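Enquirer: Right, I'll just put the structure down here and ask away after.
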């Protein structure tokens, strides 16, 4: 029904008027709220995550050309008629506001509020929803033709057919989007998978459990995503945890016990290993009962360079932080807390492995993605505790722990021996070394000998000497950076041992109150230490290869906030962040440059708040995009910057901090070198960006705004985003 502006009469509105909605709004919202097709698909996957799905399967059908189809199927809780009408069919529904966590697994909602329906419109012209919850006898089918939603049509006049149908699943939702508006390449499909990789919680159960017809209980709320591409009758898996994560492992370790002998097989395509290892030890309780499989990773990109993109490696590393470790299944059921973050049931963290050449072997829970399956139908070998949390640590459990630990240690040693052989071969070909410091000093001396002939030459010589001094200082700083990297790497080797000792102390029941309080302080300080160490190590590692990459400032700010969260608690500063938009990628930059930017801005704000003597300090960061640039606004409620100094603060050695007395506590000192904002400005200008002081929001005193050119779609494609 078109809207006729001449059909109204004022007498018909004696009680007033209400808002009406033009149907064209749907198309505008779809295009404006969801800019990229990959973002639209990732939002639909996040909706499945919010619906407590364990598995989401995407199938891009005949999508090499326009008008293809996309089918997204999940096994979540589904929808009944009321939820479909009041949820999906209601613009700006309040469900996620009233229910911030999912009903079964209590997941924090990942999908953006109200975006799902617009994501489907952004992707294609036709939508079919088939859904069912577990309490309904039949499923529901809803069909939406987005082409009906045209300008000058009343939104409420368009009706979408809905009906009950028989379905072959207990609960879940199937979205079929036809007449796709975009083509889909393999790289785009992989990009969708990367967008949701932080939600993945892999299910490690192997085919062994399936072959034995063992039921799987989803008590751990695992979440898997698989993406397929179908052309005609041929369907190919493009992206999944297996293809995007496990297939990139440096080694695959698989083992079992037969005839009282423990055996594990180690396969590494990267180092050309396919070995079978006989494990010493007594494993009679594990006879034909235990099978395990683990994927081994070393988080140094040097060993993946040329095999997988750097961003792919970084996502695997991030995934390991939450999902690394060896999980345990008994008769198909996940047994908690084994394999949870911080749990070291296989005593992996306590080991300090070295090769025969005394080379360090990375060996901690994050190095592995793995599972152990126990088939013990009658419960005669492994028994659950009375609280049903874990297994009784009987002789069988002790043998199991020893078997897994021994197998993983021997396999890691085998892989790392091959790794160090390769490294030695590589290093032997690099025998040239240049003494840069000596060359620089000799050049300076020769130039000084040429001075005195003319003022013009003297000025030119002074400029060249200054440049040489700057280059020498850069080499000094580079050397310091390498020392820090090596020092941080060495420190991280001791972290597993510290963790083991702290966990052991925590398990003691006879500690007095003072000891318990000291232990809590130790835990808190050690967590803070680990966070800073991880941040420094991660920043340097990502910068070693000197390659730039597009950086998402939303992610950078979130990571930085997590790093400083421990310190903020102790100095009475609240940190707020706001993000306007997703995928806020800068043009290619070094990760360490943003570390420097954020840390300098933070320390300046911290000192300003200290000088202002605020009872409650506040820092706020706002990020978004505008006119082809991404921006970051950093504000605080410190003592402010006088108008006359707002241009000078970016000059070298200009500082608003005083040095303070010699005996002042270092933690209370408010000092500055005057180089921080100069460094920040130089970094930003080198990327054709800008930094300036702007008016802050209410309750804040100072605000700096940074603008950096946004990465183009071609650039993101080039770097595999």
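Numbering (our numbering), first residue to last: 3 to 723.
We put the beta carbon where it would ideally sit given N, CA and C, even for glycine.
In this text, all values refer to a predicted model and were calculated from it rather than measured experimentally.
Taking the straight line between their C-alpha atoms, what separation do you get for residue 221 and residue 86?
Expert: Residue placement at residue 221 is poorly supported in this model, since its pLDDT is 46, which falls under 50; the coordinates are not used for a value here.
Enquirer: What is the residue span of the alpha helix (DSSP H) that residue 298 lies within?
Expert: The continuous stretches of alpha helix (DSSP H) do not include residue 298, which lies in the beta strand (DSSP E) extending over residues 292 to 298.
Enquirer: Please give the ranges of any alpha helix (DSSP H) in the region 28 to 72, keeping only runs that are unbroken, at least 4 residues long and fully inside the region.
Expert: 39 to 52
Enquirer: What's the gap between the Cα of residue 168 and the Cα of residue 90?
Expert: 21 angstroms
Enquirer: What first and last residue would you give for the beta strand (DSSP E) that runs through residue 267?
Expert: 263 to 270
Enquirer: With respect to 6 angstroms, is the separation between the Cβ of residue 153 and the closest non-hydrogen atom of the ligand MG below this value?
Expert: The ligand MG is absent from the structure shown, which contains no ligand whatsoever.
Enquirer: What number of angstroms, rounded off, separates the C-alpha of residue 212 from the C-alpha of residue 334?
Expert: Only weak support is given to the placement of residue 212: the predicted model assigns it a pLDDT of 46, under 50, and the value that follows is read from those uncertain coordinates. C-alpha separation (whole angstroms): 9 angstroms.
Enquirer: Which class does residue 325 belong to by DSSP, given the choice of helix, strand or coil?
Expert: helix
Enquirer: Helix or strand or just coil, what does DSSP make of residue 633?
Expert: strand
Enquirer: What residues are listed by DSSP as bridge partners for residue 627?
Expert: 632
Enquirer: Tell whether a beta-carbon distance below 7 angstroms holds between residue 164 and residue 150.
Expert: no
Enquirer: Figure out for me which residue from 172, 369 and 228 has the closest Cα to the Cα of residue 729.
Expert: Because the chain in this structure spans residues 3 to 723, residue 729 falls outside the shown range and cannot be described.
Enquirer: If you reduce the DSSP assignment to three classes, tell me which class residue 91 lands in.
Expert: coil
Enquirer: Does the region 366 to 380 come close enough to the region 511 to 530 that 3 or more CB-CB pairs lie under 8 angstroms?
Expert: no
Enquirer: I'd like the list of long-range same chain contacts for residue 296, defined as Cβ closer than 6 angstroms, with 5 residues on each side in sequence excluded.
Expert: 255, 370 and 372
Enquirer: State yes or no: is the C-beta of residue 201 within less than 7 angstroms of the C-beta of residue 55?
Expert: no
Enquirer: Below 8 angstroms on the Cβ atoms is my guess for residue 588 versus residue 565; work out the distance and round it to an integer in Å.
Expert: 19 angstroms between Cβ atoms; not a contact.
Enquirer: Specify whether the region 396 to 405 and the region 285 to 296 touch according to this definition: at least 3 beta carbon pairs, one from each stretch, less than 8 angstroms apart.
Expert: yes
Enquirer: In its own chain, which residues sit with a C-beta less than 7 angstroms from the C-beta of residue 508, not counting the 5 before and 5 after it?
Expert: 521
Enquirer: Tell me the start and end of each unbroken alpha helix (DSSP H) in the region 551 to 623 that is at least 4 residues and wholly inside, in chain order.
Expert: Whole alpha helix (DSSP H) segments, 4+ residues: 555 to 572 and 593 to 614.
Enquirer: Could you check how far apart the C-beta atoms of residue 368 and residue 341 are, in whole angstroms? I think they sit under 8 angstroms.
Expert: About 12 angstroms; that fails the 8 angstroms criterion.
Enquirer: Report buried or exposed for residue 173, applying the criterion of at least 16 other Cβ atoms within 10 angstroms of its Cβ.
Expert: buried
Enquirer: Between which residues of its own chain and residue 19 is the CB-CB distance below 6 angstroms, once the five residues before and five after are set aside?
Expert: Same-chain partners within the cutoff: there are none.
Enquirer: Which of the three DSSP states, helix, strand or coil, is assigned to residue 651?
Expert: helix
Enquirer: By a C-beta neighbour count over all protein chains shown, 10 Å radius and 16 as the cutoff for buried, is residue 136 buried or exposed?
Expert: exposed
Enquirer: Nearest to residue 502 by CA position, among 620, 717, 291 and 350, is which residue?
Expert: 350
Enquirer: Just curious, the alpha helix (DSSP H) that residue 719 is in, first and last residue?
Expert: 715 to 720
Enquirer: Kindly indicate which three-state DSSP category residue 11 falls into: helix, strand or coil?
Expert: coil
Enquirer: Buried or exposed: which applies to residue 578, given that a residue is buried once 16 or more other Cβ atoms fall within 10 Å of its Cβ?
Expert: exposed
Enquirer: Write down the C-beta distance between residue 179 and residue 72 rounded to the nearest angstrom, noting that I regard them as a contact closer than 8 angstroms.
Expert: 5 angstroms
Enquirer: Would you kindly work out how many angstroms separate the C-alpha atoms of residue 710 and residue 689, rounded to a whole number?
Expert: 7 angstroms
Enquirer: Tell me which residue opens and which closes the beta strand (DSSP E) that residue 240 is part of.
Expert: 236 to 241
Enquirer: Hey, is the region 128 to 143 in contact with the region 62 to 82, meaning 3+ C-beta pairs nearer than 8 angstroms?
Expert: yes
Enquirer: Assuming residue 195 is part of the alpha helix (DSSP H), what are its boundary residues?
Expert: Per DSSP, residue 195 belongs to the alpha helix (DSSP H) from 188 to 197.
Enquirer: Quick check: what's the CA-CA separation for residue 599 versus residue 337?
Expert: 44 angstroms
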